[in-house]
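Be aware that the sequence shown starts at 13, since it is given in the numbering used here, and climbs by one per residue. The beta-carbon is built from N, C-alpha and C at its ideal position, and this holds for glycine as well. Predicted model only: the values in this text are computed from it and were never measured. Only one structure is covered here, and it is reproduced in the block below.
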Amino acid sequence: MSSTTERYSIPATRFRSEIEVERSRFITTAQEVISQAEAQAFVAELKAEFPDASHNCWAYLVGPPGSSDQIGLSDDGEPHGVAGRPMLTTLQHSGLGDTAMVVTRYFGGIKLGKGGMVKAYTAAAQSALEQLPRSVRISWVEIMASFAYAVLTPLKLRLPDFEAEILTIDYADKISSRLRLPQEQLEKFQTMFSDLTAGQGTLEKL
């Protein structure tokens with residue numbers, strides 16, 4: 013697994029922006045989704061919120077930025093290829109993962125033509141994705157570590173280097189501690205732990 017799949021940007025909250033092109037209103041709503049079912053529910057919610065809109069076009073991407081295995085798009089009655097596809101392309105180049113968006117259009121009476129519509133839907137998507145607050149998704153892993161008492165203090169000092177935290181500690185013949193750290197740090201942590209315990213400690217992935 014590469015680090016791009018283990019740590020990536022996602023929308024921090026639902027976000028909405030609006031642009032106007034030749035009197036047509038384009039309202040973009042975007043939010044985090046973690047499954048295709050959640051994305052479809054989001055689309056349904058927005059269609060219910062804007063039932064009188066000319067179109068509610070949508071696109072979503074579930075997974076890390078740029079991925080294409082769990083995607084969806086719809087032109088919702090606009091000419092084929094002028095809305096959903098440019099929205100998805102914009103999303104795939106935004107650096108965001110796990111994101112769905114709906115662009116709601118209220119027709120303003122001036123026809124844009126196919127090229128104009130592609131530009132308008134692209135601009136609506138870009139405007140929202142550039143402004144929305146972002147947070148970070150991290151894939152966490154939990155491990156059970158067993159080691160000698162003398163290792164506890166030096167181990168605690170090294171934990172911040174790996175963004176690791178202690179969840180539980182049990183004191184018996186040896187110390188058993190449940191730890192949490194980012195998946196991408198696990199291999200380096202295992203090497204450090206082996207060196208620190210001179211190969212006498214054990215690590216078990218939970």
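Given a threshold of 16 other Cβ atoms within 10 Å of its Cβ, counted over all protein chains shown, does residue i qualify as buried or as exposed?
i: Q212; result: exposed
i: M13; result: Note on M13: pLDDT 32, under 50, position unreliable in the model; the coordinate value appears next. Flag for M13 reads exposed.
i: E196; result: buried
i: Q143; result: exposed
i: S47; result: exposed
i: V45; result: buried
i: H67; result: buried
i: D88; result: buried
i: T165; result: exposed
i: V114; result: buried
i: L58; result: buried
i: Y161; result: exposed
i: K200; result: exposed
i: G127; result: exposed
i: V148; result: exposed
i: T209; result: buried
i: E32; result: exposed
Starting from residue i, trace the beta strand (DSSP E) in both directions and tell me its first and last residue.
i: P194; result: 187-194
i: R26; result: From DSSP, R26 is part of no beta strand (DSSP E); its letter is neither H nor E.
i: L179; result: 177-183
i: R37; result: 36-44
i: Y118; result: 111-118
i: S147; result: 146-150
From what residue to what residue does the alpha helix (DSSP H) around residue i run?
i: L103; result: 96-104
i: K217; result: It is not in any alpha helix (DSSP H) - K217 instead sits in the beta strand (DSSP E) that spans 214-217.
i: E199; result: 198-208
i: K8; result: This structure leaves residue 8 out entirely; the chain is present only between 13 and 218.
Between residue i and residue j, how many whole angstroms is the CB-CB distance? I'm expecting something under 8 Å.
i: V94; j: Y133; result: 7 Å
i: T203; j: S189; result: Actually they do not touch by this definition, with Cβ atoms about 18 Å apart.
i: T116; j: A42; result: About 12 Å; that fails the 8 Å criterion.
i: A271; j: R146; result: Within the shown structure, residues of the chain are numbered from 13 to 218, placing residue 271 beyond reach of any answer.
i: F38; j: E30; result: 7 Å
i: G125; j: P76; result: Going by Cβ atoms, the distance from G125 to P76 rounds to 35 Å, so no, they are not a contact pair.
i: L103; j: A135; result: The Cβ separation is near 14 Å, so there is no contact.
i: T40; j: A137; result: 6 Å
i: S86; j: G96; result: 5 Å
Less than 6 Å between C-beta atoms, sequence neighbours within five positions excluded: which residues of the same chain meet that for residue i?
i: E18; result: S151, Q195, E196
i: S206; result: none
i: M129; result: V94
i: T214; result: S158
i: S80; result: none
i: S15; result: Residue placement at S15 is poorly supported in this model, since its pLDDT is 39, which falls under 50; the coordinates are not used for a value here.
i: E177; result: R192
i: H92; result: none
Once you ignore the five residues that flank residue i on each side, which residues in its own chain have a CB closer than 7 Å to its CB?
i: R35; result: G120, G121, I122
i: V153; result: L193, Q195, L198, K217
i: F62; result: N68, T116
Tell me whether residue i, by its Cβ, gets closer than 8 Å to a heavy atom of the ligand HEM.
i: P63; result: With respect to the ligand HEM, the structure shown offers nothing to examine, as it has no ligands at all.
Scan the region 52-98 and note each continuous beta strand (DSSP E) run of 3 residues or more that stays entirely inside, going in chain order. Taking 3 residues as the minimum length, the beta strand (DSSP E) runs contained wholly in the region 52-98 are 67-73, 83-86, in order along the chain.
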